[in-house]
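Q: The listed protein sequences derive, respectively, from chains A and B.
Counting along the first sequence from 1, when you hit position 23 you're at 23 in UniProt numbering, and nothing is skipped either side.
Counting along the second sequence from 1, when you hit position 203 you're at 203 in UniProt numbering, and nothing is skipped either side.
Here a beta-carbon is modelled for each residue, glycine too, at the ideal position from N, C-alpha and C.
Shown below is the structure under consideration.
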Amino acid sequence: MDAVERANLERQRRWTKDQKIGEGTYAVVYRGRELATGRKVAIKKIKVGQFKDGLDMSAIREVKFLRELKHQNVIELLDVFSSKKNLNLVLEFLDTDLELVIKDRSLVFLPADIKSWMAMTFRGLEFCHRNFILHRDLKPNNLLIASDGQLKIADFGLARDFADPGYKMTCQVITRWYRPAELLWGCRYYSTAVDIWSVGCIFAELMLRTPYLPGETDMDQLKTIFRALGTPTEEDWPGHTKLPDYVPVGQFPKTPLRDLFTAASADCLNLLSKCLIYDPKRRISAKDALNHPYFFALPYPSHPSKLPKPAKKESGIPLEEVDGNTDMSGPGPGVKANPPNKLKRKNSDDLGGRPVARRLDFTK
Amino acid sequence: MAQRNSWLRGTTIRKSGPSTSASTRTSTPQLPSTSMSIFAGGVKDPSGRTVEYIDMNEKCPVCDSDAYLKPGLRLLVSSCYHKLCNGCVEVLYATGSEVCPTKGCNVINRRLSYTPQTFEDLTVEKEVAIRRRLAKEFNKRREDFPDLRSYNDYLEEVEEIAFNLINDIDVAETEARIARYHQENAELIELNKKREQEYQRYLQEQEEMERQERELRAQELRRIETEEREEREKGRQAIIDKLETSDKDAARLVAKSRMETQRRASARAASSSSASFNQSNARLLRTRATQSAVVPDVPHVPLQDNYYAYDDMFQMRETYHDPVSEAVRRDREGIMRAGGYRVDQAWERALRFAVAGLDTAPLSGMPAPPPEPMAVDSEGPADAVMVSA
C-alpha cells in the first residue's frame with residue numbers, strides 16, 4: 001500500500017455511510033455521519049466505472065469549486081475520497097430546498113421571509129462572484145435549506161470561473177425558466193449578470209408561489225420573457241440585435257411589474273426590476289443588491305430560524321443536484337465544454353425519450 | 001384598623017365607558033349630582049373603562065362630610081395627589097385656578113386637574129400616572145440598540161427617571177432630562193409609536209380573520225348536521241319501504257342499510273378533514289407573530305463574512321495596456337457588448353490574485369528557497385501584473 005492509498009483510507013475511515021437516500025443519473029447519495037462528532041452528512045458517490053470517458057464533468061466542476069468556497073450560504077464540501085472505483089464527495093447535510101418550500105401550499109410567506117431568503121441568496125452569490133465563479137444554474141431547487149433555516153447555494157455542476165478575455169463560454173447553461181435573454185440568443189461572452197437574472201426569477205417566484213417565466217421551449221422562453229417585461233429596444237439594450245442567435249420574436253408592450261405583484265412594496269419591485277434589466281451591463285450586481293434599500297426597509301428580514309419549512313415527514317432533500325440540470329436541446333455552435341449527453345435536463349414536461357434521472361425519494 | 005380594612009368596605013364602581021354617566025352608579029345610594037362638571041380621567045383598564053375607587057367611610061379633608069351624610073359625594077384627586085370632595089371642588093375652583101387647600105402644598109390647581117381616584121393608595125395612583133407618561137416617550141425597543149448592554153443601560157435610566165419623579169427627587173433636573181431625551185429622539189419615538197400601532201392593527205386583523213373562520217366552521221357543522229338528520233330520516237323510510245315491498249330476510253335488509261349509513265359517515269368525515277386545512281393559516285400567522293417576540297428579527301447586514309477583497313493593496317485604473325484583450329475591448333462585430341462580458345473583471349481578478357499572497361510570510365525552516373520567479377516592481381504590487389498604459 002503506497003502513501004496515497006494510505007491517506008485515502010484514513011480519510012474514508014472518518015465517515016460512515018448509513019443509508020441510501022437517493023439516486024441520480026451519475027451519483028448515489030447516502031446519509032452518513034462523521035465518526036468523530038456524529039454530525040450528519042450527505043455522501044455523494046459518483047459512479048465512475050460506467051462511463052467510458054472518465055469522470056463526469058459536473059463532478060469535476062463541483063469538486064473544483066466547492067473545495068475552494070467556504071461560506072455560510074454555500075454548501076460545504078467536507079471531504080473527498082475514493083473507494084474502489086468510485087469517487088465520494090462528503091457534503092453538508094441539508095434538510096430541504098426552496099422549491100419544496102415554495103410548493104408547500106400549507107406554508108404562508110411573510111414579506112420578511114422573502115427578504116430573508118433573498119438576502120441569503122445574494123450573500124452566497126456575492127461570495128461566488130467575489131471569488132470569480134459563475135454558478136450558472138441557480139433555481140429554487142438548488143437553493144438548499146439547512147435545519148437552522150440558513151439558505152445554501154448548491155450544485156456547482158455547471159459552475160465555472162470567469163473566462164479570460166476573448167474566451168468563449170457555452171450558452172447552454174442555466175435551467176430554461178431562469179435563463180436570461182442574452183443566453184437564449186446565444187451569447188458566448190457573458191458575466192455575473194446571468195446569475196443575477198436567475199435570482200430575479202427566483203425572487204418573483206417567491207412572491208407568486210409559481211414560476212415567473214415558464215417557457216416551454218427556448219424560443220417560447222424568449223416570448224414568455226418579453227410578454228412579461230416587454231420587448232427590449234436598442235436603447236434598453238444596446239447591441240442585442242448583434243447576438244449570434246438573434247431572432248426577432250415579436251413586439252410586446254412593457255407592462256408595469258405592479259400589475260402582477262400587487263402586494264409588493266415599492267422597494268421590493270425596484271430591486272426586482274433591477275435584477276431583470278435586459279442589458280447585462282446595467283443589471284444590478286450581487287453586492288449592490290445587498291446594499292439596496294429594500295433590505296434595510298421595515299420589516300427586517302426574518303431570522304433564519306423562523307422561516308417557514310415543510311413539515312418534517314415530507315422533508316426529503318431532492319438532491320436534484322446529483323444530475324446536471326441543463327437543457328442541451330439546442331445544438332449551440334462550437335460549444336467549448338460540451339457536457340456529455342447524460343447531463344440533459346430532466347424536466348417534468350419534456351421527458352420524451354431522453355435518459356432521465358429518477359425523481360429522488362428520500363421518504364423512508 | 002379602619003385604614004387597614006378599608007379595602008373591604010371600599011366599593012369599586014365600574015363605569016360603562018369613557019363617558020362618565022352617573023346613572024350607572026346603582027350600587028351606592030345617591031342623589032342626582034348638582035354639579036355641572038364631569039370629572040373625567042383616572043386610570044383606564046385595558047378595555048378602556050375607568051374603575052373608580054370609592055371608600056364610604058372616607059371624609060373630605062375640607063368640609064368633613066362623608067358619603068353617608070352626602071350620598072352624591074365623590075372624592076377627587078388633584079394633580080398634587082391631595083383629595084377633595086366634588087362639592088368643595090365646585091366651590092373652591094368656581095373662579096378658575098386656586099392654590100391646593102391642603103396645608104403646606106402650594107401647587108396651583110384648576111377644576112380640571114381633579115380626577116376620580118382609581119387606586120386606594122395614592123402613591124400607586126401617582127406612580128401609574130408617571131409611568132404612563134414616561135412610557136409614551138421612552139418607547140425604544142431592544143432592536144434600537146446595538147447590543148444588550150446599551151439596552152439595559154437605557155432601561156436603567158428610564159427607571160431612575162421614574163423613581164425620581166415618583167419620590168420628588170430633583171424634579172426640575174429630571175424634567176430637563178426628559179425634555180432633552182425627547183428632543184434627541186423625537187424621530188425614533190414617532191417611529192416606535194407607529195410600529196406599535198401597526199402591530200396592534202395586525203393582531204386585530206388576525207383576530208378578525210379567526211373569528212370569521214370560526215363562524216364559517218360553525219356554519220359548516222350546522223349544515224352537516226342537518227344533512228345527516230335528513231339522511232337518517234330517509235334511510236329509515238327506505239328500510240320501511242323495502243320491508244314492505246321485498247320478500248328478503250328482514251334482518252339482512254336492516255344490516256345492509258346500516259352498512260350504507262356507516263360508509264356515508266366515513267366519507268363525510270374524510271371530506272371535512274380537508275376543510276380544516278384553511279384554519280391553520282391564521283393560527284400559523286399568529287404563532288409567527290408571537291414568535292417574533294421571542295427571536296427578534298435583526299436589521300439587514302449586507303455582508304456577514306469578513307469581507308476582504310484586497311481593496312487596499314491595489315487600485316484599479318480605467319484601462320490597462322493589455323494586448324490580449326484588445327480585440328475584446330474593441331469588439332468590432334459588437335457581439336461582446338450585449339453579452340455583458342467585462343474586461344475589467346478579468347483585470348481585477350489578475351490584480352487580486354497578484355496581491356493576495358504578498359504579505360504571507362515565507363515558509364521558514366525550509367531548505368534554501370528557490371529564487372522568486374516573478375520580480376515585484378518597485379512601483380507597487382499592481383504593476384507587477386500589468387503595465388499601465
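1. Spatial neighbours of L290 of chain A within its chain, please: C-beta separation below 8 Å, excluding the five flanking residues on both sides.
2. What whole-angstrom Cβ distance do L89 of chain A and E62 of chain A have, given they're in contact under 8 Å?
3. Please state whether the Cβ-Cβ distance between K45 of chain A and A27 of chain A is less than 8 Å.
4. Closer than 7 Å between beta carbons: that is the criterion. Which residues of the stretch 130 to 149 of chain A meet it against chain B?
5. If you check the beta carbons only, do L100 of chain A and P280 of chain A fall under 8 Å apart?
6. Is the shortest distance between the beta-carbon of C187 of chain A and the beta-carbons of chain B less than 8 Å?
7. Within 8 Å, do at least three Cβ pairs link the stretch 142 to 150 of chain B to the stretch 113 to 128 of chain B?
8. Note down, in chain order, every chain B residue with its Cβ under 9 Å from the Cβ of R123 of chain A.
9. Would you list the one or two residues that DSSP bridges to T319 of chain B?
10. Which residue comes first and which comes last in the beta strand (DSSP E) that contains C85 of chain B?
11. Is C275 of chain A closer than 8 Å to I196 of chain A when the C-beta atoms are compared?
12. Verify the CB distance criterion: does Y202 of chain B have a CB-CB separation below 8 Å to chain A?
13. What three-state label does DSSP hand F81 of chain A in the structure shown?
14. Please list the partners that F357 of chain B has in chain A, where partner means a Cβ-to-Cβ separation under 9 Å.
15. Please list, in chain order, the chain A residues whose beta carbon lies closer than 7 Å to that of S246 of chain B.
16. Along chain B, which residues have their Cβ under 9 Å away from the Cβ of Y300 of chain A?
17. Report yes or no: is there a C-beta of chain B within less than 8 Å of the C-beta of Q72 of chain A?
18. Name the chain B residues whose beta carbon is nearer than 7 Å to that of V164 of chain A?
19. Determine the direct distance from the alpha carbon of R223 of chain B to that of Q237 of chain B, and round the result to whole angstroms.
20. From E159 of chain B to E58 of chain B, what does the alpha carbon distance come to, in whole angstroms?
21. Drop a sphere of 10 angstroms on the beta-carbon of D311 of chain B, count the other beta-carbons inside from all chains shown, and report buried for 16 or more, exposed for fewer.
22. I'd like to know whether the C-beta of M336 of chain B is nearer than 8 Å to at least one C-beta of chain A.
23. Over what stretch of residues does the beta strand (DSSP E) that includes N141 of chain A continue unbroken?
24. Closer than 8 Å, Cβ to any Cβ of chain B: which residues of the stretch 270 to 291 of chain A, in chain order?
25. In whole angstroms, what separates the C-alpha of E5 of chain A from that of D218 of chain A?
26. Output needed for S198 of chain A: all residues of its chain with C-beta closer than 7 Å, excluding positions within five of it in sequence on either side, in chain order.
27. Buried or exposed: E52 of chain B, going by 16 or more other Cβ atoms within 10 Å of its Cβ?
28. At a threshold of 7 Å, does Q117 of chain B count as lining the ligand ADP (C-beta to nearest heavy atom)?
29. Assuming G340 of chain B and E182 of chain A are in contact, meaning their beta carbons sit under 8 Å apart, how far apart are those beta carbons, in whole angstroms?
30. How long is the line joining the alpha carbons of L363 of chain B and R180 of chain B, rounded to whole angstroms?
31. Hey, out of B:E137, B:E215 and B:L92, whose CA is closest to K193 of chain B's CA?
32. Can you give me the start and stop residues for the beta strand (DSSP E) that W15 of chain A sits inside?
33. In chain B, what lies closer than 9 Å to W237 of chain A by C-beta?
34. Residues of chain A with a CB under 7 Å from the CB of Y341 of chain B: which are they?
35. V51 of chain B lies in the beta strand (DSSP E); which residues open and close that run?
36. So which of A:G230, A:T16, A:I21 and A:F203 has the shortest CA-CA distance to G32 of chain A?
A: So, from the data block:
1. A119, F122, R123 and E126
2. 7 Å between Cβ atoms; contact.
3. yes
4. R130 and F132
5. No Cβ-Cβ contact shorter than 8 Å links L100 of chain A with P280 of chain A.
6. yes
7. no
8. P302, L303, Q304 and D305
9. Answer is none; T319 of chain B lacks a bridge partner.
10. K83 to C85
11. Yes, the Cβ-Cβ distance between I196 of chain A and C275 of chain A is below 8 Å.
12. no
13. strand
14. For the record, residue 357 of chain B in the displayed sequence is Gly; it is not Phe. Near G357 of chain B there are no residues of chain A at all, since even the closest Cβ is about 15 Å away, more than 9 Å.
15. Going along chain A, no residue has its Cβ under 7 Å from S246 of chain B, so there is no contact; the nearest lies around 49 Å.
16. E143, P296, D297, V298, P299 and H300
17. At least one chain B Cβ lies under 8 Å of Q72 of chain A.
18. According to the sequence provided, residue 164 of chain A is Asp. The question's Val does not apply to it. Correct list: A346.
19. 21 Å
20. One C-alpha to the other measures close to 33 Å.
21. D311 of chain B counts as exposed, since fewer than 16 other beta carbons sit within 10 angstroms of its beta carbon.
22. yes
23. Premise fails: N141 of chain A is in no beta strand (DSSP E) and is neither H nor E.
24. D279, P280, K281, R283, K287, L290 and N291
25. About 47 Å.
26. L138, K139, I174 and Y178
27. buried
28. Of ligands this structure carries none, so the ligand ADP is not represented either.
29. About 6 Å separates the beta carbon of G340 of chain B from that of E182 of chain A, a gap short enough to meet the 8 Å contact definition.
30. Rounded to whole angstroms, L363 of chain B and R180 of chain B show a C-alpha spacing of 60 Å.
31. Checked all of B:E137, B:E215 and B:L92; the closest Cα to K193 of chain B is B:E137.
32. W15 to E23
33. A338
34. Y189, Y190 and S191
35. Per DSSP, V51 of chain B is one residue of the beta strand (DSSP E) stretching across V51 to I54.
36. Of all alpha-carbon atoms in A:G230, A:T16, A:I21 and A:F203, the one lying nearest the alpha-carbon of G32 of chain A is that of A:T16.
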